[in-house]
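Top to bottom, those sequences are chains A and B. Counting along the first sequence from 1, when you hit position 55 you're at 55 in the working numbering, and nothing is skipped either side. Counting along the second sequence from 1, when you hit position 321 you're at 581 in the working numbering, and nothing is skipped either side. Glycine included, every Cβ here is placed at the ideal spot set by N, Cα and C. None of the values given here were measured: they were computed from a predicted structure.
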Amino acid sequence: MIILANILAIYRRELQSYFSSPFAYVIAGVFWFLSGVIFLQTLQGASLSASLGDQAGTGSVDVPYLLLVNFLGWLAIVSLFLLPMLSMGLYSEERKRGTLELLATSPVTNWAVAVGKLLGVVTFYVTLLLPVMVYEAIVLSTAEPAVQPAVMVLGHLGLVLMATSVLSLGMFISSLTDSTLLAAILTFGVMLVLLLVNWVAESVSGGLADTLRHLSMLTHYSNFIQGIVDTSSLILFGSYIFLGVFLTAQTIEALRFQRS
Amino acid sequence: MIEVEHLSKTYGTTSAIDDVSFSVEQGEILGFLGPNGAGKTTTMRILSGYLPASSGTARVAGFDVHENSMAVRQRIGYLPEVPPLYPEMTVKGFLHFVARIKGVAAGDRAERVQSALTRCNLLEKQDVLIRKLSKGFRQRVGIAQAIVHDPPAIILDEPTVGLDPRQIIDVRNLIKSLAGDHTILLSTHILPEASMICDRIAIINKGEVVATNTPDQLAAQLTGGLRYELDVEGDLATVQANLKELEGLRSFSIPETADSSRSKVVLEFASSYDPGREIAAIVVHAGLGLYQMRRSQVSLEDVFLQLTTEEPTEEPTAEPTEEFSEADVETSNLVPPAEESADDRTVASAEAEQQPMPPDQQVTVDASTGAIADHSLPKPDNHP
Numbered sequence: 001m002i003i004l005a006n007i008l009a010i011y012r013r014e015l016q017s018y019f020s021s022p023f024a025y026v027i028a029g030v031f032w033f034l035s036g037v038i039f040l041q042t043l044q045g046a047s048l049s050a051s052l053g054d055q056a057g058t059g060s061v062d063v064p065y066l067l068l069v070n071f072l073g074w075l076a077i078v079s080l081f082l083l084p085m086l087s088m089g090l091y092s093e094e095r096k097r098g099t100l101e102l103l104a105t106s107p108v109t110n111w112a113v114a115v116g117k118l119l120g121v122v123t124f125y126v127t128l129l130l131p132v133m134v135y136e137a138i139v140l141s142t143a144e145p146a147v148q149p150a151v152m153v154l155g156h157l158g159l160v161l162m163a164t165s166v167l168s169l170g171m172f173i174s175s176l177t178d179s180t181l182l183a184a185i186l187t188f189g190v191m192l193v194l195l196l197v198n199w200v201a202e203s204v205s206g207g208l209a210d211t212l213r214h215l216s217m218l219t220h221y222s223n224f225i226q227g228i229v230d231t232s233s234l235i236l237f238g239s240y241i242f243l244g245v246f247l248t249a250q251t252i253e254a255l256r257f258q259r260s
Numbered sequence: 261m262i263e264v265e266h267l268s269k270t271y272g273t274t275s276a277i278d279d280v281s282f283s284v285e286q287g288e289i290l291g292f293l294g295p296n297g298a299g300k301t302t303t304m305r306i307l308s309g310y311l312p313a314s315s316g317t318a319r320v321a322g323f324d325v326h327e328n329s330m331a332v333r334q335r336i337g338y339l340p341e342v343p344p345l346y347p348e349m350t351v352k353g354f355l356h357f358v359a360r361i362k363g364v365a366a367g368d369r370a371e372r373v374q375s376a377l378t379r380c381n382l383l384e385k386q387d388v389l390i391r392k393l394s395k396g397f398r399q400r401v402g403i404a405q406a407i408v409h410d411p412p413a414i415i416l417d418e419p420t421v422g423l424d425p426r427q428i429i430d431v432r433n434l435i436k437s438l439a440g441d442h443t444i445l446l447s448t449h450i451l452p453e454a455s456m457i458c459d460r461i462a463i464i465n466k467g468e469v470v471a472t473n474t475p476d477q478l479a480a481q482l483t484g485g486l487r488y489e490l491d492v493e494g495d496l497a498t499v500q501a502n503l504k505e506l507e508g509l510r511s512f513s514i515p516e517t518a519d520s521s522r523s524k525v526v527l528e529f530a531s532s533y534d535p536g537r538e539i540a541a542i543v544v545h546a547g548l549g550l551y552q553m554r555r556s557q558v559s560l561e562d563v564f565l566q567l568t569t570e571e572p573t574e575e576p577t578a579e580p581t582e583e584f585s586e587a588d589v590e591t592s593n594l595v596p597p598a599e600e601s602a603d604d605r606t607v608a609s610a611e612a613e614q615q616p617m618p619p620d621q622q623v624t625v626d627a628s629t630g631a632i633a634d635h636s637l638p639k640p641d642n643h644p
């Protein structure tokens, strides 16, 4: 009960700081602009391929579905640049301002702080996605035959899960340093590795290849946006999220022991 | 309320504090006094639960800071050296947040925040973003966050550092007003501050507590006694013998001065007897010019220097004093050669203006102003 109240307190503060900082508005503006442009392009591309399909008489291309898959792919790429910027300040700012000392001397566990912060930043990311989802829904509602809502929901769920994993690991990286820039760069690197580790998998063989392929966020994300939910995907994203929170809590604990 | 026993903390091979023991009684203000790097912050961080100690125990309100960390954290208010503030929040919003994470019940929060705002004189600034506050106000918000959950024990790490004179007075008064209901441990490297605010003082140097006592007793403990400083024109030889025969004289010295026609004489006496009248009579009777004569008690600063300086020859203040220009020497009667801040000098004079004091006492206040940290660690770029 107390822990929940603490998480909520941290969460509220975190959100409050997003909505009162120009940084968050700039991020949101850029994200909405880019995703809007990309959506328009994807839409034109999709209608082009639809008309081509009609002319060729094949007619079997599921245009709305392709639109969704392509667009979600693009959103993931935009997020690739966005997520490190969202997670970079989570702890490094607290370290720099000395507010970590306040949190660490308050009757709040490191876990509660980490969970509250992660929830806060994920909420902000979801807020960014909401308007995008609205115009997707408008376009897809005109499709004939209609796209199953479940596919759309699953695709975005996958996106949010992947983003949460990245943000969680990014939060951990942010807790390691008091330089936000360094945190962003490191997070970007780690994220690239985790997204693209299946490329490496292709050049090795056997059990290692399977393991690597399985660790790749991209593989699981592709499943999600195609409407396939595998328990293993859920477990993988869940593990990344847990790992990030766990490591963050441990770092903050360890920080007290080595502080000079 | 706060008990520290044999506390040590080492970082690798260097020891930050070594076998520190002291206690703070309920409702008392204990000043933790020491030069920079003496281990004040480390001790306070251990007490606040931020750092674990290498050995020894620390208890707050009966709870061990390590084993019962959460219980202790609920019972202390802690102001670190740099006030932990979120610049994008309003003062009120920030205090609400702190009240929440400190576990103040939802029903009491508004009242607690209001009371902290009132006590710290922040009512007019409550809806202002912290980013837009001046340093003095930020420091007050820092203190407000330390008292918002009404903790029995308050730990303040250099609460007046970097403030202007007016703000320093405000903050000192605020701290004094908190005593009684709260037990306060505060660190400072400014001596007059410690003797002004604190009930007791613990002097810490190189990680060890070298003395703990009330400010008066600390001074008495060391020497006790009176000191007269004279500024005389004329041939000293004519009065020297007479002065040396004065009752209770313990030491007699003639420090060098830049001006050859005037000399300074420093006389120290046992405290039981005040020979002011005789001194003046001797000097005037011999036909010498008496430009200044002032009496001072042995100051806490002297105590501090004695306790923390191992070899007086290494005392870095010696150097800047010699470098002083003539003009400086003349005016430095009232102001110690230590270069600490115009700030502190003005504080003393601001305070002197505020509460008119008899001249001799006024001089004492001035003479004891100055930061000891600067005696041991002078900042070279501040020298004239």
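Beta-carbon spacing of residue i, residue j below 8 Å
i, j, result
"residue 18/A", "residue 172/A", "no"
"residue 163/A", "residue 174/A", "no"
"residue 398/B", "residue 343/B", "yes"
"residue 443/B", "residue 261/B", "yes"
"residue 104/A", "residue 3/A", "no"
"residue 376/B", "residue 407/B", "yes"
"residue 475/B", "residue 507/B", "no"
"residue 472/B", "residue 282/B", "yes"
"residue 427/B", "residue 402/B", "no"
"residue 167/A", "residue 121/A", "yes"
"residue 292/B", "residue 445/B", "yes"
Helix, strand or coil at residue i [DSSP, three-state]
i, result
"residue 595/B", "Note that residue 595/B scores a pLDDT of 40, beneath 50, so its modelled location is shaky; the value from the coordinates is reported in the next line. Here residue 595/B sits in coil by DSSP."
"residue 310/B", "coil"
"residue 337/B", "strand"
"residue 362/B", "coil"
"residue 49/A", "helix"
"residue 433/B", "helix"
"residue 526/B", "strand"
"residue 466/B", "coil"
"residue 250/A", "helix"
"residue 299/B", "coil"
"residue 486/B", "strand"
"residue 368/B", "helix"
"residue 514/B", "coil"
"residue 601/B", "For residue 601/B, the predicted structure reports a pLDDT of 41, less than 50, and the residue's modelled location is therefore unreliable. A value from the coordinates is still provided. In the structure shown, residue 601/B sits in coil (DSSP, three-state: anything other than H, G, I, E or B)."
"residue 159/A", "helix"
"residue 217/A", "helix"
"residue 143/A", "coil"
"residue 404/B", "helix"
Partner residues on chain A for residue i, Cβ-Cβ distance less than 9 Å
i, result
"residue 308/B", "101, 104 and 105"
"residue 362/B", "106, 107 and 108"
"residue 401/B", "In chain order: nothing, as chain A lies at least about 12 Å away."
Chain B contact residues for residue i, given Cβ-Cβ distances below 7 Å
i, result
"residue 20/A", "348"
"residue 9/A", "357, 360 and 361"
"residue 6/A", "361"
Within chain A, the residues that residue i reaches when beta carbons sit closer than 8 Å
i, result
"residue 525/B", "The premise fails here: residue 525/B is roughly 49 Å from chain A at the closest Cβ pair, so nothing lies under 8 Å."
"residue 353/B", "16"
"residue 386/B", "Within 8 Å Cβ-Cβ: nothing; residue 386/B doesn't reach chain A, min ~16 Å."
Chain-ordered chain A contacts of residue i [CB-CB under 7 Å]
i, result
"residue 325/B", "Those within 7 Å of residue 325/B in chain A number zero; the least Cβ separation is about 10 Å."
"residue 330/B", "107"
Neighbouring residues, chain B, relative to residue i (Cβ below 8 Å)
i, result
"residue 17/A", "346, 348 and 349"
"residue 70/A", "By Cβ distance, chain B contributes nothing, its closest Cβ being about 38 Å from residue 70/A, past 8 Å."
"residue 2/A", "363"
Own chain, CB closer than 6 Å to residue i, minus 5 neighbours either side, in chain order
i, result
"residue 578/B", "With a pLDDT of only 36 at residue 578/B, under the threshold of 50, the placement of this residue in the model should not be trusted; the figure read from the coordinates follows. Closer than 6 Å at the Cβ level, and outside the excluded window around residue 578/B, lies no residue."
"residue 589/B", "For residue 589/B, the pLDDT reaches just 38, beneath the cut-off of 50, and the residue's location in the model is therefore unreliable, although a value from the coordinates is still provided. Only 518 meet the Cβ criterion."
"residue 592/B", "Summary for residue 592/B: the model assigns pLDDT 37, below 50, so the residue's position carries little reliability; its value from the coordinates is reported in the next sentence. Cβ neighbours of residue 592/B beyond the five flanking positions: none."
"residue 616/B", "Residue confidence is low: residue 616/B scores 43 on pLDDT, short of 50, so the model does not pin down where it sits. Its coordinate-derived value is still stated next. The answer is none, since no qualifying residue turns up."
Contact list for residue i against chain B, beta-carbon separation under 9 Å
i, result
"residue 98/A", "340, 341, 342, 343, 344 and 345"
"residue 95/A", "Correct list: empty, because the minimum Cβ distance to chain B is about 11 Å."
Proximal residues to residue i (C-beta, below 7 Å), its chain only, five neighbours per side dropped
i, result
"residue 117/A", "10, 14, 90 and 171"
"residue 198/A", "212, 213, 216, 218 and 219"
"residue 200/A", "212"
"residue 28/A", "128"
"residue 515/B", "524 and 526"
Cutoff 8 Å; reference residue i; Cβ partners in own chain excluding five residues on either side
i, result
"residue 181/A", "88"
"residue 353/B", "none"
"residue 439/B", "287, 288, 289 and 459"
Pick out the complete alpha helix (DSSP H) segments inside the stretch 161-215 of chain A, 4 residues or longer, and give them in chain order.
Scanning the stretch 161-215 of chain A from its first residue to its last, the whole alpha helix (DSSP H) runs of 4-plus residues come out as 180-203 and 207-215.
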